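Below is one structure; the comments refer to it alone.
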Amino acid sequence: MKTQYRQVALIGKYQAAAVGTGAAATRAALEDIAQFLHSQGC
């Protein structure tokens with residue numbers, strides 16, 4: 022039987038504002054994952 026999840030939590034490590042592009046890349050990756058999960062119906 023296939024398990025169906027109703028909620029998904031994306032958790033990212035806090036990035037200090039001084040980190041700059043590293044924080045932006047992490048946020049972009051999380052947003053990409055969120056968009057993919059949303060497209061899958063999550």
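Here my numbering is used: the first residue of the sequence shown is 22, the next is one more, and so on.
Positions of the beta carbon are idealized from the N, C-alpha and C atoms, including for glycine.
If you're wondering where the values come from, they're calculated on a predicted model, not measured in any experiment.
Distance between residue j and residue i (C-alpha atoms, nearest Å)
i	j	result
Ser60	Tyr26	14 Å
Ala45	Glu52	10 Å
Gly43	Ala49	10 Å
Gln28	Cys63	6 Å
Lys23	Thr47	31 Å
Top-ranked residue by Cα proximity to residue i, from the options
i	options	result
Leu58	Thr24, Leu31, Lys23	Leu31
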